[in-house]
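Residue numbers (our numbering), protein chains in the order written: chain A, 1 to 249; chain B, 1001 to 1657; chain C, 2001 to 2228. These notes are about the structure you will find just below.
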């Protein structure tokens, strides 16, 4: 199939960007979306133009590096999917596809479609862990964990940190990301000792990074490649409420 | 001569004795010692976090935008540990034995035994970090079985075990970053090792966003940069996975061991066309329930569901009745290749075999119906109930398969074919994981140490975390204890100056070639040579041809590669060119190593050396050694042999029948 | 953590919205119940009596102060949140995200809220200000007590078709505002149990339809002469 692409080009964070039109031909429906971009980039290099920069790594939907806002949807039209796993079957001959970077002030554009998501790392640094030094652990079976809790925790821990939730949210809120991490650890007994400080500090960091507040619209849940549930946000709210009401200082 | 520094004494006591006698660094001194960690996968993140916890000053580097994206994240199936929670006869010795045997008797007993010893601690540590492993209804940890073993010792988190373990290590790492013990450098690539008086004292790294070169001092440098499977262009590795860090170390004197040992994973989604940029793995755990078959009739073009049971050849079950579909990876891969080469392959390319779940679906359906006391369930009901069970176990893998191929694996058998997955070879390290360059260590897939000629499933995660959490934190102290007398070297030192100049000269040279062919096209060509002549089956003639072809490709690369953009900006093409240049050199060494090893073992299969029924034929008399190659100038290497001594295990022909 | 930190955090701000929102929902219950007295068809006797009770008793008067506090807090915080949230994305998308996973009204709470505010201003001017300050004609109840004849005020006000239409539009805005606001408020205060969430969302949608419908029927009833 032949396609028209309208792609955001931006030299670096400091300069202003804009859309450019490209055309790719003889694209197979078996290609992934990024492989289609590989074809375009090879074409651009041959034409002496700068190829399009975009984040990608594992290309199997788990590392969370890829991040393109395709025709109005983070990771494109398929649900529960990442850009790298989007295949060209999703499009038809003659389509014009608009590709933009994640848009949020907390995710500044580095170049073209590549954005800086280190804010997520800093949110984790604020408390997204269990403080256990290597060698401190007791036997893995010493602490039985109800299967339902372990499963719910796992469902939250599936978050790949791609930032699609932020990109989809009209408020650029990172609440789904934050709630996934808080839920992952709050649902496990190991997470209990730091439960309160964790949610308070991580939220403070999220606010500091310049993400918006959640208004429960649900766009994030529908966009999340790992289908992280909105329920986690409600759980986060409760964790926060309990932490702030029972604070003793 | 390379000294593996294996402690004396009985195998069971070596590690305990070592820990009891190695030198220690006191806490006040740890604060003065700087350690550089390259790569933040399981090995790198766990090492950086552990060293940070101990009080060392750590600098961690990764080329990705976040340490959480390292390719360990893509490991699916699980992690082995000798816990014997299933009461099925597992023990440290059995894990040790299975690993040595799985590696086709080409690994060091001492290292592998240590790996088996610390395996149980890894699970405990990960559980404590909040890794949500699969559990039984009683709340205790669940296990499953994996290829090459007869016990259930694999811990898992659905099909995303690597992700969960990496996130555990990443969280520990970020905690140390927050505490100020680790400084994180993401989107940085290590491009050179700096040496003074033969010792590694730091690195030159490139900030991939600005293109600036940076100098970093470290009393010790740990390479945790993963494997080099991308030398084949198409592999299950991430697009960015590369050999550059290890290769720079190699060119600065670190020996590269067993480069020809590559693991071809039997269950990957087949190549669909020329555009393909990477291959996707379907976890080995699928072989627990899926049955592998091809039609009995050559070139059978019927749809799989139209081929009756008696016309299907379940060739693994036929050839290996004891292990059946759960034979080790190298055996399963070769068997698939053999069937396809003989003309029994399926799918449009005929380079695929079926992995069929229909029997498992019915089997599970019957169990579920039985639970409900329904002994007369219809076939449809059984299928429905069975599908739910299969979905629960492998849902995410089935979804992934459907997305990539557009086929529904619940209805039609999956098509699979072997693909490059893991590299057992890597930098030569001694018992302490130190390369032959003092102060330079290699951990995880980047080293060669534990898997011999073939790695068993669910052992890579185990090794990465064992090295990072439980081995290196002891062994590096043994070296650093003597380094407390040495002050940090200023990065204005001539050695740093010189190393930086080397790097910038090379980058300038690459940028100034201004040829016609893209980096990608060179990489693809290299991959084709490697896959065809140094892939699943090799022979002397092919390897010799490959060496000539690679040398020619190298010349062409350095005279005709085209890299757009400039040096002082984000330039992924330049990054890739740097990596491909190293892959080309590595490819040559791999072929050289494969040519040298006149035997078949594990992932290295030389067509000239096989038993009458097509199994790998080892030559223990002549090749029971680690082939460590020392760089001696362009296209020139010296072979150093480290003999493998088996005190406890008696090597035999691997038998999975 | 100080209270200030709690209520200026992004979750704290939402909490303010949720708590004030829930109190306004409670007020709506009282308001709709009281106004439903018009359908007693007793010439406004019952309605006027109830209205008089609310207007003269000290407890509702105190609550009224709280109510106004709540309304203004809800409005101000709502606008501030909207402005702050918008400012987090300086460069917008060329292609709009659309409706996947979210309803248009959940993304339009500020607009719906603004419509409601305009409606309230009209509503206060027509009813609340006269009854509190500028005065309303008196009427004698059957027990001989003389009270404001708010019933007559309603009857007269709702003879104008435009007023009726504006009231119906106001009630529709209220319905959509509640359709999202009701369940969102409960999520914000942390209800994450799936069972209760299902109940809350069912009750929420029911509430968002029934209450605004009841309100809308009042001007319609007067205009069409269903009550007299």
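Glycine included, each C-beta is placed from N, C-alpha and C at the ideal position. Everything numeric in this text was worked out from a predicted model, so none of it was measured.
Residue range of the beta strand (DSSP E) that includes residue i
i	result
residue 2146/C	2146-2148
residue 1268/B	1262-1268
residue 18/A	18-24
residue 1085/B	No beta strand (DSSP E) holds residue 1085/B; DSSP gives it neither H nor E.
residue 45/A	Where residue 45/A is concerned, there is no enclosing beta strand (DSSP E), although the alpha helix (DSSP H) it sits in stretches over 33-46.
Rounded straight-line distance, which links the Cα of residue j to that of residue i
i	j	result
residue 1139/B	residue 121/A	31 Å
residue 1359/B	residue 1291/B	8 Å
residue 1630/B	residue 1152/B	40 Å
residue 1608/B	residue 1597/B	11 Å
residue 1663/B	residue 2020/C	No information on residue 1663/B is available, as it lies outside the stretch 1001 to 1657 that chain B covers here.
residue 1384/B	residue 1365/B	7 Å
residue 2039/C	residue 2227/C	6 Å
residue 129/A	residue 1173/B	9 Å
residue 108/A	residue 115/A	6 Å
residue 2160/C	residue 2169/C	15 Å
residue 1617/B	residue 1600/B	5 Å
residue 1693/B	residue 1110/B	Examination of residue 1693/B is not possible in this model, given that chain B is present from 1001 through 1657 alone.
residue 2077/C	residue 2015/C	10 Å
residue 1036/B	residue 2008/C	41 Å
residue 1578/B	residue 88/A	30 Å
residue 1183/B	residue 124/A	15 Å
residue 959/B	residue 1243/B	Outside the modelled stretch of chain B, which goes from 1001 to 1657, sits residue 959/B, for which no answer is possible.
residue 198/A	residue 1093/B	41 Å
residue 1606/B	residue 1331/B	14 Å
Bounding residues of the alpha helix (DSSP H) (the contiguous stretch that carries residue i)
i	result
residue 2196/C	2194-2223
residue 185/A	175-186
residue 1657/B	Unbroken run through residue 1657/B: none, as it is neither H nor E.
residue 1541/B	1540-1560
residue 1027/B	1027-1030
residue 1379/B	1379-1405
residue 1501/B	1494-1513
residue 1318/B	1315-1319
residue 1418/B	Careful: residue 1418/B lies outside any alpha helix (DSSP H), inside the beta strand (DSSP E) at 1414-1423.
Where residue i falls: helix, strand or coil (DSSP)
i	result
residue 74/A	strand
residue 1222/B	strand
residue 1128/B	helix
residue 1593/B	helix
residue 1456/B	coil
residue 56/A	coil
residue 1649/B	coil
residue 1006/B	coil
residue 1113/B	helix
residue 2056/C	helix
residue 225/A	coil
residue 2027/C	helix
residue 1625/B	strand
One or two residues paired with residue i in a DSSP bridge
i	result
residue 1216/B	1203/B
residue 114/A	111/A
residue 237/A	The partner list for residue 237/A (beta bridge, DSSP) is empty, contrary to what the question assumes.
residue 1638/B	1630/B
residue 1601/B	1604/B
Residue i: contacting residues in chain D (beta-carbon distance under 8 Å)
i	result
residue 184/A	Annotation note: the requested chain D is absent from the structure, which comprises protein chains A, B and C.
Residue i beta carbon near the ligand NAD (any heavy atom closer than 6 Å)
i	result
residue 1499/B	Here there are no bound small molecules, and the ligand NAD is not part of this structure.
Could you name the residues of the region 200-227 of chain A whose beta carbon sits closer than 8 Å to any beta carbon of chain C, in the order they occur along the chain? The region 200-227 of chain A vs chain C, Cβ under 8 Å: 200, 203, 204, 206, 207, 210, 211, 212, 213, 214, 215, 216, 217, 218, 219, 220, 221, 222 and 223.
Along the region 2163-2179 of chain C, what residues have a CB closer than 8 Å to any CB found in chain A? Of all residues in the region 2163-2179 of chain C, none has a Cβ within less than 8 Å of some Cβ in chain A.
Members of the region 35-52 of chain A that neighbour chain B once the beta carbon cut-off is set at 9 Å: Answer set for the region 35-52 of chain A: 35, 36, 38, 39, 41, 42, 44, 45, 46, 48, 49, 50 and 51.
What are the residues in the region 2049-2077 of chain C lying within 7 Å of chain A by C-beta distance? Nothing from the region 2049-2077 of chain C brings a Cβ to less than 7 Å from some Cβ of chain A.
For the region 78-90 of chain A, which residues have a beta carbon sitting closer than 7 Å to at least one beta carbon of chain B? Cβ proximity to chain B below 7 Å picks out 81, 85, 87 and 89 from the region 78-90 of chain A.
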